[in-house]
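A.B. asks: Before anything else, here's the structure in question.
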Amino acid sequence: GENVEQHPSTLSVQEGDSAVIKCTYSDSASNYFPWYKQELGKRPQLIIDIRSNVGEKKDQRIAVTLNKTAKHFSLHITETQPEDSAVYFCAASSGGSNYKLTFGKGTLLTVNP
Amino acid sequence: GAVVSQHPSWVICKSGTSVKIECRSLDFQATTMFWYRQFPKQSLMLMATSNEGSKATYEQGVEKDKFLINHASLTLSTLTVTSAHPEDSSFYICSARDGSKTVEKLFFGSGTQLSVL
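This is the structure we're talking about:
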């Protein structure tokens, strides 16, 4: 089955700096890669996603890049703000009728004012 | 975006009792729902995939007789933790996919914090 590795497990940055979280996946058939933000005790919220036919996608301060050959994808947050502090999960899906997602272990991002 | 409602948000029960958690898609039909378990500061671990009108598919290591899943309609899936024990205490969260669309986006419920005394 799919295996998703996520690094780092914790990340602390100063407000205004950029933050980068990286993930690798094992199943070359995976074709959908979402990123979720989860605040303590709350539901994961989809913040951005990318499909395997695209190398990069940007939405305001958030961007995701995908390298299919190397089987890794990254989340980039620019101009970080304290409200960006949360746990971020990457995930991968190999499609199929169920679109089952395999999640990384998460990155606790802390943005210091 | 699509809304997934999950109830209850928290429950405390005695050891040996059963607890039912409901997951509803409010504005779309969810042919597939997923149930996850999340321990503090850990990732979401998929427990089972629930398909409307058929038996759930459980992940390896998940006891299907302990975690009963019913997906009786296109908008409702339930997870029943039978004969709960303290080790079952965890955050349980469901997610659903809009069956009318080909996109893979999943929408999550708000989660249920289960504490077994």
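These protein sequence lines are chains A and B, in that order. Position one of the first sequence corresponds to residue 1 (our numbering), numbered consecutively onward. Position one of the second sequence corresponds to residue 1001 (our numbering), numbered consecutively onward. Note that the Cβ used here is the ideal one computed from N, Cα and C, for glycine as well. Since the model is a prediction, treat every value here as computed from it, not as a measurement.
1. Excluding the 5 residues flanking LEU1046 of chain B on each side, which residues of the same chain have their C-beta closer than 7 Å to its C-beta?
2. Sort A:THR10, A:SER28, A:PRO8, A:VAL13 by Cα distance to ALA70 of chain A and report the nearest one.
3. Look up ASP49 of chain A in the DSSP assignment and say whether it is helix, strand or coil.
4. So is LYS58 of chain A buried or exposed if we call it buried at 16+ other beta carbons inside 10 Å?
5. List, in chain order, every chain B residue whose beta-carbon is nearer than 7 Å to that of PRO8 of chain A.
6. May I ask you to verify whether the segment 11–27 of chain A touches the segment 84–91 of chain A, counting CB pairs closer than 8 Å and requiring at least 3?
7. Between the segment 1016–1029 of chain B and the segment 38–46 of chain A, do three or more beta carbon pairs fall short of 8 Å?
8. Between the Cα of GLN1006 of chain B and those of B:SER1089, B:PRO1086, B:THR1075, spot the shortest distance and give me the residue it belongs to.
9. Exposed or buried, ILE77 of chain A, counting other C-beta atoms within 10 Å across all chains shown (16 or more means buried)?
10. Quick one: does PHE1028 of chain B have its CB under 7 Å from some CB of chain A?
C.D. replies: Working from what's here:
1. Answer for LEU1046 of chain B: PHE1034, TYR1036, GLU1059, listed in chain order.
2. Closest in alpha carbon position to ALA70 of chain A, among A:THR10, A:SER28, A:PRO8, A:VAL13, is A:SER28.
3. In the structure shown, ASP49 of chain A sits in a strand (DSSP, three-state: E or B).
4. LYS58 of chain A is exposed by the Cβ-count criterion.
5. Among the residues of chain B, none has a CB under 7 Å from the CB of PRO8 of chain A; the nearest is roughly 14 Å distant.
6. Enough Cβ pairs lie closer than 8 Å, so yes.
7. As far as the Cβ criterion goes, the segment 1016–1029 of chain B does not touch the segment 38–46 of chain A, which means the pair count is below three.
8. Answer by Cα proximity: B:THR1075.
9. Buried: at least 16 other Cβ atoms inside 10 Å.
10. No, because no Cβ of chain A sits closer than 7 Å to the Cβ of PHE1028 of chain B.
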